[in-house]
Each structure stands twice: as C-alpha cells, then as structure tokens.
Amino acid sequence: MCLLGFGAVRLRTDMNRLLSLLFHQGVLDEQFLQLQHLQDQTSPNFVSDVVTIYFHESEKLLRNLRTLLLDKEIWDYVKLGIHLNQLMGSSSSIGAKRVRNICAAFRAAVEQNNRPACMRALEVLEHEYCYLKNKLHELFQMEQQRVLGDAVRYPGVVHQQ
Amino acid sequence: MVHEMEDDHVEDMEVEVEVLSSMWPEGIDEAGKKFNLEKPGLHEDMLEDLAFIEEPSIVDFKRLVELTSYSEKGSSQLAYLVQNWEYKQENAVRLLREELESLSKQQHEVQLKKLEIFEQHRFEESYGGDKRPVSVLDEVIEIFQDVPKKRNDIIVQDKRVEIDAEYDTVIYWKQKALHLGKLLEESVQREHLLLEKLEESIENLEKQSSPVEELSQILKRADNFLHFVLQNAPVVIGHQDQDLRYRFIYNHFPSLGEEDIIGKTDVEIFKGGGVKESQDFKREVLEKGLPGKREITFETELFGAKTFLIYVEPVFSKDGEKIGVNYMGMEITDQVKKREKMAKLREEIAVQKAKETELNKTIHITEETMRAKQMLATMSHEIRSPLSGVVSMAEILSTTKLDKDQKQLLGVMLSSGDLVLQLINDILDLSKVESGVMRLEATKFRPREVIKHVLQTAAASLKKMLILEGHVADDVPLEIIGDVLRIRQILTNLISNAIKFTHQGKVEINLYVIADPFPEGQQNPKINANGNANDSSISAKNDHEENEPESHEAVVWIRCDVKDTGIGIPETALPNLFKKYMQAGADTARKYGGTGLGLAICKQLVELMGGHLTVSSKEHSGSTFTFILPHKISHPCDGSDDTDGFGDMADNDNESTDDDITCGFFQFQPHTLGSVFSSKDRITHKEITSMDDDSSCFDTSSEPESSSKCNSENENTNSILIPSCSPPSKTDLCETWEARKDSNRSAECSSNSNSSSCVNQGEVAIARSAKKPRILLVEDQMVNVMVARRMMRQLNQDMDVVNNGAEAVRAVNTCAYDLILMDVCMPVMDGLEATRLIRSYEKTGNWDEARKTGVELEEHDSPFCNQISKESIKRIPIIAMTANTMSESADECYENGMDSFITKPLTEFPELKIISNISSIFECLDFFAFND
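Chains as they are written, first to last, in this note's numbering: chain A, 388 to 548; chain B, 277 to 1208.
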C-alpha cells in the first residue's frame, strides 16, 4: 500500500511537472486548466474525452489541409481558411496554444496565397500536433494510472463509477 | 713665536696620547672671538701676494684714536684684545709648567730605575764575575732606530730592552749592563736637552712679552683681510659724527678726494635725489638710537642713478651718549632693477594665469554646453526615430477596421504621439534656432482653425474646471501665411502654461489685427502690450528680420493675447521668465513641474518669425502673454488645399469646416462639467456628440424596426443605443451605461446589444421570472460544443446545440429562443447568413428569405410557431462568437444583424474572463427580460 501510495504521489508530481513543462513551452495555455476545471464528478473523463474528440477532428482537418495543399491545380483558399478556422477554434478551446498560433500563421499564408509558406506551415503544424498529441497521451496515461492507483486504494470508488 | 711653540707641543702631546692626555684646553680662543683670523705664519705669504690699494680708505686718525679711547666699542675692543693676549700667555706658561712637571717626574722615574739596575748589576757582577765581553754595539744602534727622529728631543721611551742572548748567561748580563748604561747616558743627555730648551723658552717668553707688537700685528692682518675682502665690493663704509660729518669713509670707487669728504655731510658733498633722504635717515637713526636699514635711490650728478641699501647704526660713547653713526651702503641698482623686472613679470604671469583660467573655464563651459546640446539633439533624434515608428504604426492601425472606441483611443494616441513628435522636433529646432540654421516654413493656414485646434487639444486633456475661450476678431483674414507649426507650438505652449497655473476661471486666446508696430524706418519701438498701467511688463526685443517693406500691403500684423486668471507672476520673476530652464521660482518649479523650456522656445520662435513676445502679469489675478507676428495675407480664392497639419483631427469636423472658417468664437469646457454647451459653440465634443446622436435616436425609435434602423445607421460607429419606450432620464441612462462600461468592459458589447432589444426598465422587473432562458448554440465543432455545453452546465444552464446556420434557422423556426450564440464560420451556412435570415424572419414574419437560400423548413410543423403573430415576433439577441476579429470583424457581424459579438470564450481570454464573458451574457439576459 505504501509503495502504491508513493507511486500515486510520484505520478501526480510527474503530471504536474509535465504540465508545467507544456505551459512553459507554450504548448498549452490557461484554457487547458479551464478545461480541467470543467471536469467534475459528473463527467470524470471530460478532459480526455474532449481531447480525444479534438484529436479525431484535428487529424481529419490536417488530412484535408494536406490534400488541399497538395492539389496543384486548385487553390481553394476558402476551404483552407475554413479548415484552419475550425482547427484554430478547437485548438484554442482545449488550450493548444502553439497549434493555434501556427494555424493563425498558416491562415495568414493562405490569405497571401503563399503556397510554399503554407507547406512549411503545414509541416510545422503537423509536427506541433504530433508533439501535443504525444504529450497529452503521456499525461492521460499517467492520469489513468493515478486513477487506477486510487481505485486500488479505494476500490469502492471504482465500483461506484 | 708662542703660537708655533704651542702648536708643536700640541702635536707631540697628541701622538703620545697614552702618556700625556688633554694637556691643551680646547676652545681657548673661541669665546667671543670677533676676528676670525687665520693663524699667522701658516699662509702668511698669501696676503703678501696681494696688492693692496690702500688709498680708498680715508681715515681721520685723530678721530679714530678718539673713538678707541672714548667710544665704548673701541675701548672694549681694545680691552678684549689685551685680555685675549694675556690669556694666551697665561696658558702658554701653564703648559710649560705642566711639561716641566712631567719631565721632572720622568727624570725621577728614570733615576729610580737606574738605581734598581745598579743594584741588579751589582748582584750579577758578584755572581758571574767578568765573563766574556760581548760586543753589543750593533744592537744598541738597533734600539735607537725605534725612536722616531722627529721626537729626538722628547724623552719618553718605554720600550723594553730586547736581548738576544740567553737569559742568565754571562753574555746576557753583559749585554744588559751595556744597554742599561747606554740608556742611562741617553736619559741624562735628554734631561740636559730639555733643561736647555726650557731655558730657551723662558728666554723667548721674556723676549716676546710685548703685547703691543702682537696686537698691532693682528690688527694689521685684520686690516689686510678687510682690504682683501672689500677691495672689489661695491660697498661704502663710513663713520659720521653726530653732526653727520664724515670722519671715515671707505669707498672702493672714489670719485672725490679726502678733502671733499672728511668733515662734510652728505648734503654738502653731493646733490640730487635721495641725498636728503639718506641724510634724514641717518639723522633719524642717530636720534632714535636704533640701527636701521633702508633702500635709497640716488639720482645725483656724481654717479648717476643708483640704488643703495644703507645700513646705519648709532655709535655711543662710554657714557651712553650718541657720538655718531656707522654707515654702510651697498649698491644694489642691478638687483633692484632685476627685482622690479621680476615683480613685473610675476604680475604679468599672474594676469596671464588668471586669463588662462578664465579662458579654460569658458572653454570648459562651452564644451559642456556644446556637448549638452549635442546630447540633447542626439537624444531627441534617438527618441524621434522610434516614436515616429510608433506613430506611423498607429496610423497604419487607424486604417484598419476598428470599432468606435478603439478609433477614439487611437485618435488620442495619434494626436499625443504627434505632439511628442513635434515637441522633439521643436527641441531639435531650438538648437537650430540657437545655431542660426533654423528655417521657417511659409504655409497657408487658417488662424481660426489653429486657435480651435489648440483649444480643443487643451480641452481634451483638461482636468480642471476651466473655461477655454477663443476670440478671433472679424478683421483677421481667413487664411494667412506663416509657419503654422511654430505658431501652433507657441500657442500650445502658452495655453498649457496658462492652464497649468490657473486653478479657476478661464483661459482665453484673443486674436486681432493691429497696425504695423514697426512703420518704415522705425526700428523696435516700445510697444505697450497691454495698456494696463498697473501691470509690470517686460518686452522681449526682437531682431526683426522679416519686416519686408516691399510687400507691405500684403503683411498683416496679428496680435495674440493668451490671457488667464491664474496665479500670476511676481514682478521679480519677470526678467528671468524667458530664460531657458528658468521658472518663476523654485517653489513654482516644484509645485507645477515642467522644464522651463517652453517660454524660452516661444520667445525664440516668435522673434525668429519677426515678432515680439511680451508678458504682463498681476500676481494672484492672472497673466497675459502677448505676441505679435507679421503674416502675409493669403487669398482664400487660390485653391482650398488644406495646409494645416492636423488632418486627422480635422477629419471629423469636415461638415463644420465652413462654419469654422468664419466663426470667431470658441468655447470649451471640461467634459466633466457636463454637456452644457454655450449656444454659440460650434464645436462638439466627441463623446457628447455621440450622446446627442443617441438621444436623437432615442427620440425617434419607438419601434423595434426603427431601433434596428437606428442600429444600422450607427453600425459603423458602434454607438450606444437607448431603449425607446418610456425613456428614463438621459442622465440615468448615461449612468447606467457608464456603470456598465466600468463594471465589465468585456461585457460592453453584449450589454449594448441587449439594450438594443428595446425593453425598458419596467419590463425588466417583470422579466425577472424564474424561467430559465432558452439558449441556442450554433457551432459546428465538437470540441467547442463540448466545452461550451460544459460551461453552461456549470452555470446551471442548458442549451440546444445545432451544427450549422441552416440548422439554426430551422431551430429558430421550431422553438423560441431567448439567446442565440452563433459561430460565424460554419459549413453549409455560416453564422452571418443565418443571422440575416433570422432577422428577416423577425421583420417579415415569414421565412421566404430562408427558403430562397435553400433551407428546408417545416412550416406548420410546430404549433408553437403558429401561435406567434408577426407583431409578437420578438427580436432574439444574437451574439456572434468569433475565433478572432481579423477575419470575422465586428462590423460584419453588426451588418448582418447581430447584436454583439464575443471573441470565442475559449480563445484569447484567460480563464476568469471567459467565465465572466459567459456569465455576463446571463447577466444581460437577466437584466433585460426575454419573456413576456
């Protein structure tokens, strides 16, 4: 029990460390905390749910963006703009600050019809997205372990849920 | 020669220290010795080699004898010499006696020794008998070799006898005997010699016993030495009796014979400058009985102009009576000349040094000033570059889409920036004025506009209850030519100065034309600036470069008074008023701040423009700054190209420009006083303008339609809308508005939009029902939907969610919502379109517009819909949610009928703001009823 208890403490510390790292790097902003705030007893997995949806949507959007950009014949900047707006909106909703900022830059490039800049932006965006996804996965895994640890200590709680 | 003998003895004694020590007392001659002569005999030849010219010394011998016998000094000197001689003799006798004693002692010792030897000898003779005779002659010679030849006559001998032979042998004893015999013999001989010498000495002593001889010898030597020393000295030595007649004079360069000097006084001998003075001085010394020194410049025929340092001492008789003076003079003409030259040089050097210091100081100050100026210029330049960056960026910003608030802020920012920029330019210009490279620009401008703008600017930042007034006389031309920037700068400076020192009352600018104060041929007449006799007034004189007589008709002199009712300026401070970095007093500076540069700049600028700046002031009742400037008259007909530099400010007043052109009176009051305008006032304050607009809107908009019309009218300006029905008092509304604005700035827009929903206060009370508002969220993105719903839930509020505009239209058709949160960018149908359709429905009561765009609606599906008549269709507040303002601008939202917009709560705002954003929506909803 003791060891597990320690493990839980360590997990929490690690999570905090990771979070602060992400904040420090500007990957996340306060909105993510806001998101965590919204999570309560009635929806214990709210954050991870939202983020999962975000990942799902974003991957779709990124795919679309790539397809649109690689289409040499048509330069559908309207569609690009819409996609980017969507990505930007959802990113800012979960507090993915860096992704959002890159989206803004991307959109500026789109507005300027600057295809090379768009390509670069897309690459950066994809990279940033992957980074975010990995980090958040890491975070959620720890969260999961912590919850599991809690469940071991207070099995009743898990059963109740 | 006693001395010689003595010396010999001394030498000897010193060598035999062990035997005879300290025989000769030291320092015998030294006590009170005046003549430090060399011992005679040693270098006697020296003086003999010198040729003494003895003529210069002219002596009255009789007098000398008299002196020696009568004057105290002479007799004491004589006595001293005798005493000295006696002392010496005594000493010599004593020494001789001592020597004799020692000799006899030695003799006695020797005899004792002899006896002893004899006894020994006898014993040995009896013992050894006659042994072999040994020749010891050689050895004997050897013994005598040890005695220094120099000391032949001296007896002392304590050397042991060394005998080679073996002890106690016959040879030994023989040798010893022989030796001792010799010694004895020698001793006897020496004794004899000494006795002889003693006798001789005594004889000599007797022979030389005459002191006179020696004394005269000494005197002679002293005399010789004196002559030797004095022979080339530029010295005159003399003795004068009590009548100041010369008795003795020594002069190396005699120009007069003995008979010309001896027995005569100075005055009798020669005439000229300084003679009398020296005679008087001598007499003075004689009378006072105290010696004295004085420098006297003689100007005589005899030896020309010469300066003498004379020393005069009185001579006393044995009875203490004054019997004459000793006089010594030294010619120091050259020294005096040198000295004077030196003094002169010193003086010059001092002057030079002082000058140099002064110069250095000046150079230092100049350098410092230059550096300071340079620094100021550099600094100003350095500040100007980034500042112009800021200002130009702000200008660029002002061309982008902005709401009214932002525009207003930007306007202030721009005008302030411009002002600072201009100030810096002015500082740069000031250094230009000072260095004389300042150039004035001649541009056409409208004086009334300038006055108005200056006052307006001043009023904008006015924080006091002051009235600002501008009066422009009718005869002032509409357009004149001058350097408007400088004039404006002067005016601004004077006005801000006036405001700074005025706490109540008013500040006014009066502008009128005056007659040419400088008619041709007349330069700088004194102008009575105010005509007020009580006022103290100083006049800033001008250089008056620009008084062009050739275009005399075209020049108009305009006088400008800047009058205030402030603290005034004390009379004592007036002279310093226009100096740089000067203020009326230290207290003033502390109290009111400021650099003290303003007035200096004003004055310099006015003067540069050929004008004249004066001030008149009465303490505690106000000051008036007056400047007059010549301006060329411009003909208003030739083109209306606006040359003034405040385009950005003039923009808003375009409609009223025509009025401004001719209007001669402006009045500004601080807006904190309220919106009371004087009837004459043509200038509208921005904020109050909008207030007026509002009230007009509020007067006419009795229906929602007109309200929305009003809304669309004001869509560009984002003006405040006031509900129409049963209007509360205007001030109340203002307060409400102000309070809202203050309490939650981010909620501003929403409260705006809600206020436009045309519900009055009375209805609000009814609206506070327990019923929850129905909210529709139109949002395509799952993430946002989730977050928003979550937030709503935390606020204990449910809402319906649809994913695009078309769905929103359908939802509105089927259900009555109290609030719609509409995303702007959506697929299928965006928020703007959807809003437009909804508004059209609200207007017309049908969805024709929507159908045209292809939205399928089940027209009579909802019984709820059927119930509502056209009249009762309520305008639903629609709040746009935008991801950012760049692409979905507020204007666009308003254009399409949205009431407000919030940047997506989930974007830029920090956590708390988001909450407040959302909650502010509900606050609004609560405040303005949405249900009957």
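From the three backbone atoms N, C-alpha and C, an ideal C-beta is built for every residue, glycine too.
Drop a sphere of 10 angstroms on the beta-carbon of residue i, count the other beta-carbons inside from all chains shown, and report buried for 16 or more, exposed for fewer.
i: B/Asn1089; result: buried
i: B/Ser978; result: Only weak support is given to the placement of B/Ser978: the predicted model assigns it a pLDDT of 37, under 50, and the value that follows is read from those uncertain coordinates. Burial call: exposed.
i: B/Leu770; result: buried
i: A/Ala491; result: buried
i: B/Gln880; result: buried
i: B/Pro1181; result: Per-residue confidence for B/Pro1181 stands at a pLDDT of 42, beneath the threshold of 50, marking its modelled position as unreliable; the derived number appears in the next sentence. With 16 or more Cβ atoms within 10 Å of its Cβ, B/Pro1181 is classed as buried.
i: B/Leu744; result: buried
i: B/Tyr443; result: exposed
i: A/Gln531; result: exposed
i: B/Glu989; result: Bear in mind that the predicted position of B/Glu989 carries a pLDDT of just 38, short of 50, making it too unreliable to give a figure here.
i: B/Thr768; result: buried
i: A/Val437; result: buried
i: B/Ala1064; result: buried
i: B/Gly565; result: exposed
i: B/Phe721; result: buried
i: B/Tyr363; result: exposed
Out of curiosity, what's the CA-to-CA distance linking residue i and residue j?
i: B/Glu658; j: B/Val666; result: 13 Å
i: B/Asp751; j: B/Thr902; result: 18 Å
i: B/Phe617; j: B/Ala368; result: A small correction: the amino acid at residue 617 of chain B is Lys; Phe does not occupy that position in the sequence shown. Approximately 59 Å between the Cα atoms of the pair.
i: A/Glu444; j: A/Glu460; result: 26 Å
i: B/Phe236; j: B/Ala453; result: The shown model of chain B, from 277 to 1208, leaves out residue 236 of chain B, and the question about it has no answer.
i: A/Ala504; j: B/Lys677; result: 26 Å
i: B/Thr1129; j: B/Glu1109; result: 9 Å
i: A/Arg404; j: A/Glu525; result: 12 Å
i: B/Ile785; j: B/Asn773; result: 13 Å
i: B/Gly1081; j: B/Val1104; result: 7 Å
i: B/Ala626; j: B/Asn636; result: 15 Å
i: B/Ile763; j: B/Ile834; result: 12 Å
i: B/Ala670; j: B/Leu761; result: 21 Å
i: A/Ala483; j: A/Leu519; result: 8 Å
i: B/Gln611; j: B/Phe501; result: 26 Å
i: B/His828; j: B/Gly887; result: In this predicted model, B/His828 has a pLDDT of only 47, less than 50, meaning its place in the structure is not dependable enough to derive any value.
i: A/Thr400; j: A/Arg533; result: 11 Å
i: B/Ala648; j: B/Leu697; result: 20 Å
i: B/Glu1125; j: B/Glu1132; result: 11 Å
i: B/Ala1210; j: B/Ile672; result: This structure leaves residue 1210 of chain B out entirely; chain B is present only between 277 and 1208.
i: A/Asn500; j: B/Met1157; result: 26 Å
i: A/Leu523; j: A/Ala395; result: 19 Å
i: A/Met402; j: A/Leu420; result: 13 Å
i: B/Leu731; j: B/Leu787; result: 13 Å
i: B/Gly693; j: B/Ser668; result: 9 Å
i: B/Lys1119; j: B/Arg1112; result: 10 Å
Just confirm the distance between the C-beta atoms of residue i and residue j, as a whole number of angstroms; I'd bet it's less than 8 Å.
i: B/Leu1053; j: B/Asp1076; result: 7 Å
i: A/Ile489; j: A/Gln418; result: About 16 Å; that fails the 8 Å criterion.
i: B/Tyr526; j: B/Ile537; result: B/Tyr526 to B/Ile537, Cβ: 11 Å. No contact.
i: B/Gly842; j: B/Phe942; result: That belief does not hold up - the Cβ atoms of B/Gly842 and B/Phe942 are roughly 20 Å apart, past 8 Å.
i: A/Leu425; j: B/Gln1070; result: 6 Å
i: B/Glu577; j: B/Gly548; result: 6 Å
Measuring only from the beta carbon, is residue i closer than 6 Å to any heavy atom that is part of the ligand HEM?
i: B/Ser897; result: Judged by which ligands are present, the structure shown has none, so any question about the ligand HEM falls away.
Based on the DSSP secondary-structure assignment, which residues constitute the bridge partners of residue i?
i: B/Arg1127; result: Paired residue(s): none; B/Arg1127 is not in a bridge.
i: B/Cys1091; result: Paired residue(s): none; B/Cys1091 is not in a bridge.
i: B/Cys836; result: B/Leu787, B/Phe903
i: B/Asn527; result: B/Val512
i: B/Gln1076; result: The sequence shown places Asp at residue 1076 of chain B, not Gln. DSSP output for B/Asp1076 lists B/Leu1052 as bridge partner(s).
i: B/Asp517; result: B/Gly600
i: B/Gln943; result: B/Glu745
i: B/Val588; result: B/Gly568, B/Tyr603
At a CB distance below 7 Å, what residues from the stretch 452-483 of chain A approach chain B? Give them in sequence order.
Ile469, Asn472, Gln473, Met475, Gly476, Ser477, Ser479, Ser480, Ile481
Check distances from the C-beta atoms of the stretch 432-450 of chain A to those of chain B and list, in chain order, the residues that come in under 9 Å.
Phe433, Asp436, Val437, Val438, Ile440, Tyr441, His443, Glu444, Ser445
Select from the stretch 399-428 of chain A all residues with a C-beta closer than 9 Å to any C-beta belonging to chain B, and list them in chain order.
Asp416, Glu417, Gln418, Leu420, Gln421, Leu422, His424, Leu425, Gln426, Asp427
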